[in-house]
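Structure, as structure tokens:
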DNA sequence: CTTACATTTCAACGATAGTTGAATTGATGG
DNA sequence: CCATCAATTCAACTATCGTTGAAATGTAAG
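Protein chains in written order, with this note's numbering: chain A, 1 to 119; chain B, 1 to 119.
Spelled out as structure tokens, the structure:
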């Protein structure tokens, strides 16, 4: 992920409704949620949600697929992971103060450090 | 870090000049950089930089100290680390697709997973 | 083919964020 | 104390972002 894309991703997440959308989609898992369901959950007008969804999609943080007459949105895990890594690379370069706590936090996750088998 | 603070941090980083400032300060290390030096490096007017520095400071991403007639700014590693962890917690909850690549990337860092001794 | 539903596009408005130059505050040095 | 340098505050302006309602698009059901 280059700086330009990271910038777009940060800007996308720096908005209340868009951050809520991402959190809802991550929670929903790979099956995702229809635009209408998202609008209800986040509490914005559908026409407004479309605007935000386009922004998140352009930033590479969510993906969409048509299913019947609905459009299903889901989290783009690769994009989210890239963003975390951008932040780590930029902040860890010669400075472990950032990475070390993160590494420690990974233990609390169900993602054992170094184990990429179930990715 | 709560959602409100994370939102402010994302919004702060989602601006070209502010992202450059953070990168410059992380690169500079704990010694930091004077406001004037930052202005030169990032390429913005000093009066404009003050605006951005206040925003970054309010988001908990940078810190400042007065030194002689200069004000020295430095990266707030704890704040940056908290942000990474917020992103991981929200995105790793039940979904290892995000965490696993990050854990793998940590190996490339000089921060051995689980080792918090030099933090 | 017509109707109904889900979502997006469009144009317009109001609010917020970013930039600029002038004036101000705080810290040294003569 | 006065002149100078570094940084911030302030007020004004412009540009961009977020929101809204009306109209358009695409999809399925009768």
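Cβ atoms here follow ideal geometry from the backbone N, Cα and C, with glycine treated the same way. In this text the structure is predicted, and so the values were computed from the model without any measurement.
Hey, quick one: how far does the beta strand (DSSP E) through residue i stretch, first residue to last?
| i | result |
| --- | --- |
| residue 65 of chain B | 62-67 |
Going by DSSP in three states, residue i sits in which element: helix, strand or coil?
| i | result |
| --- | --- |
| residue 26 of chain A | helix |
| residue 44 of chain B | coil |
| residue 108 of chain B | helix |
| residue 35 of chain A | helix |
| residue 90 of chain B | helix |
| residue 95 of chain A | coil |
| residue 100 of chain B | helix |
| residue 59 of chain B | coil |
Considering residue i, what are the terminal residues of the alpha helix (DSSP H) in which it resides?
| i | result |
| --- | --- |
| residue 75 of chain B | Premise fails: residue 75 of chain B lies in the beta strand (DSSP E), 70-75, not in any alpha helix (DSSP H). |
| residue 5 of chain A | 3-13 |
Is the distance from the Cβ of residue i to the Cβ of residue j below 8 Å?
| i | j | result |
| --- | --- | --- |
| residue 50 of chain B | residue 57 of chain B | no |
| residue 88 of chain A | residue 92 of chain B | no |
| residue 103 of chain B | residue 55 of chain B | no |
| residue 70 of chain B | residue 34 of chain B | yes |
| residue 120 of chain B | residue 107 of chain A | In the structure displayed, chain B extends from 1 to 119; residue 120 of chain B sits before or after that span and is not available. |
| residue 8 of chain A | residue 59 of chain A | yes |
| residue 5 of chain B | residue 105 of chain A | no |
| residue 14 of chain A | residue 14 of chain B | yes |
| residue 43 of chain A | residue 61 of chain A | no |
| residue 1 of chain B | residue 53 of chain B | no |
| residue 120 of chain A | residue 95 of chain B | This structure cannot settle anything about residue 120 of chain A, because the visible part of chain A is limited to 1 through 119. |
Could you tell me whether the region 21-29 of chain A touches the region 73-92 of chain A, using the rule of 3 or more Cβ pairs below 8 Å? yes
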